[in-house]
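Heads up: the structure comes next, in structure tokens.
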Amino acid sequence: MSDRSDSETSNGTARRGRVSRVTMDMVAEQAKVSPSTVSLFLRDPDAVSSKRAERIRQAIADTGYTINRLAGALAGSHSRAVAVIVPSMINAFFSETLQAMQEVFETRGYQLLISNSDYDPQRELELLRAHLSWSPAALVVTGSDHAAARPLLEATGIPVAQMWELGNDPFHLQVGFYHEAAGAALAEHLHAQGLEHYLYVGTRMHLDHRARKRAEGFSAWLAEKGQAAQVIALEQNTSQAELSEVFEQIARNGSGPQGLCCSNDVLAIAALFEAQRRGIAVPEQLAITGFGDLPLSKLSAPRLTTVRPFPAEIGRTVATRLLSWIEAGTLPDQPEVVDLGFELVVRESSVRG
């Protein structure tokens, strides 16, 4: 008969031994510094001398110490987390913004809580409620249109930033650019090519307010020149059937030179392939533009004319401004609006000889 180990209960069921959590005091003892010095290092590594900082880093590595963020939230009014809601996790624009934002926040000991609203205002509201239950130090939302969530956002008592779009009534911070202006810049460029018909094609524009505003800016600029732009709103993401619908409309417009402005580069590159499949010369018969300046845009044949936003700079600016208010424990007297602008990148897909 085998001996019963201490890790077993009387009925033979295995019981996990208690694991003691490594404390800040243990790290301090091993690093031969005070617990307050360890605490200061965790909040602001640069505030501790390089020799002490190195001993603390080594002690943390040796002991396997992890910061108890929840304990910090209970001791104070907010956690060391910043909640961020984006409309899409797979969109390269937002991924680059999140990475830049995270790099800045991590230098000050803050972590991001990231959620995806899928362009749904009601889902955004639900996510905001969930994030607020964790007492974040600040909130970041995407876009300027938050009618459903405005009462909740106004009552948070913490800094609220809106990114990727300027307009409407800002909360504490808006960082981005005017999408109407981006649409107008594309319209002006295509108009200079001497075209006869203009189309703007976007996906899910009933939810994607920024794509819709670019369409509005595109149409408004052409209207001032006495030209009409047809706007085609695709319900889903790009598909062969939907592109066929667009090109059937292009065929109905006649044989004269036309301009096709797409709400994003993915759609524009798909249009380039479809034009090639149909034997339509780009840009002689059909000038095509996009938005986003994705890496493939400069590799397509012909290379794609597009608008280049500054996603990393948006993320860094949001994080830097928010950190100044978080660490000061204050809110700005007036909303701050930072217009980072955009760049029109002209390539072969739209320039007619």
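The working numbering applies: residue 292 is where the sequence shown begins, and numbers increase by one. The C-beta atom is built at its ideal place from N, Cα and C for all residues, glycine as well.
Through-space distance from residue j to residue i, alpha-carbon basis
i, j, result
"His482", "Ile541", "17 Å"
"Thr354", "Ala372", "24 Å"
"Ala421", "Ala566", "46 Å"
"Gln393", "Gly570", "46 Å"
"Tyr410", "Val537", "24 Å"
"Ser330", "Gly493", "51 Å"
"Ala350", "Thr328", "13 Å"
"Glu515", "Gly485", "16 Å"
"Gln282", "Pro626", "Nothing about residue 282 can be reported from this structure: the residues present for the chain run from 292 to 644 only."
"Gly448", "Ala619", "14 Å"
"Gln390", "Leu404", "12 Å"
"Glu526", "Arg568", "23 Å"
"Glu575", "Ile381", "34 Å"
"Gly517", "Leu558", "27 Å"
"Asp624", "Ala322", "43 Å"
"Ser424", "Asp335", "26 Å"
"Arg503", "Cys552", "12 Å"
"Ser554", "Glu397", "33 Å"
"Ser341", "Leu498", "51 Å"
"Glu320", "Ala352", "14 Å"
Own chain residues within Cβ distance below 7 Å of residue i, not counting five before or after
i, result
"Ala364", "Any answer about Ala364 is weak, because its pLDDT of 47 lies below 50 and its placement is not dependable; what the coordinates show is given next. Here the set comprises Ser370, Ser426."
"Gly434", "Gln453, Trp455, Glu456, His500, Arg501"
"Leu622", "Pro450, His463, Trp616"
"Phe468", "Leu457, Pro600, Asp630, Leu631, Gly632, Phe633"
"Val573", "Leu563, Ala566, Ile579, Pro593, Ser640"
"Ala383", "Leu585"
"Leu418", "Ile376, Ser406, Ser408"
"Asp436", "Asn459, His500"
"Ala532", "none"
Beta-carbon contacts of residue i that lie in its chain and below 6 Å, excluding the five residues immediately before and after
i, result
"Gln521", "Leu490"
"Arg612", "Leu464"
"Ala473", "Arg505, Val598, Phe633"
"Thr388", "Pro602, Ile605, Gly606"
"Tyr356", "Val313, Val318"
Coil, strand or helix - residue i by DSSP
i, result
"Met454", "strand"
"Ile571", "coil"
"Glu627", "strand"
"Ser615", "helix"
"Val466", "strand"
"Gln413", "helix"
"Ser508", "Sequence check: residue 508 is Gly here, not Ser. Three-state result, Gly508: helix."
"Ser406", "strand"
"His681", "With the chain running from 292 to 644 in the structure shown, residue 681 is simply not present."
"Gly632", "coil"
"Ile249", "Residue coverage of the chain in this structure runs from 292 to 644, which leaves residue 249 outside it and unanswerable."
"Gln521", "strand"
"Val557", "helix"
"Arg495", "coil"
"Thr621", "coil"
"Thr314", "coil"
8 Å contact criterion, which residue i and residue j should meet: CB distance rounded
i, j, result
"Gly550", "Ala578", "5 Å"
"Ala478", "Leu443", "Not quite, the Cβ-Cβ distance comes to about 37 Å (not below 8 Å), so this is no contact."
"Ala524", "Met496", "5 Å"
"Pro461", "Val628", "6 Å"
"Glu471", "Gly508", "3 Å"
"Asp337", "Pro326", "Actually they do not touch by this definition, with Cβ atoms about 19 Å apart."
Contact check, residue i vs residue j, beta carbons under 8 Å
i, j, result
"His480", "Val637", "yes"
"Val395", "Arg607", "yes"
"Asn407", "Ser379", "yes"
"Leu333", "Ala476", "no"
"Glu487", "Pro548", "yes"
"Val375", "Val431", "yes"
"Leu614", "Arg399", "yes"
"Ile560", "Ser510", "no"
"Ala446", "Glu415", "no"
"Tyr401", "Ala438", "no"
Own chain partners of residue i with C-beta closer than 8 Å, once the 5 adjacent residues on each side are dropped
i, result
"Asp556", "Gly581, Phe582, Gly583, Asp584, Leu585, Leu587, Ser588, Leu595, Thr597"
"Val324", "Arg343, Arg346, Ile347"
"Arg543", "none"
Check: residue i C-beta below 7 Å from any heavy atom of the ligand ADP
i, result
"Gly485", "Looking for the ligand ADP in the displayed structure turns up nothing, as the structure carries no ligands at all."
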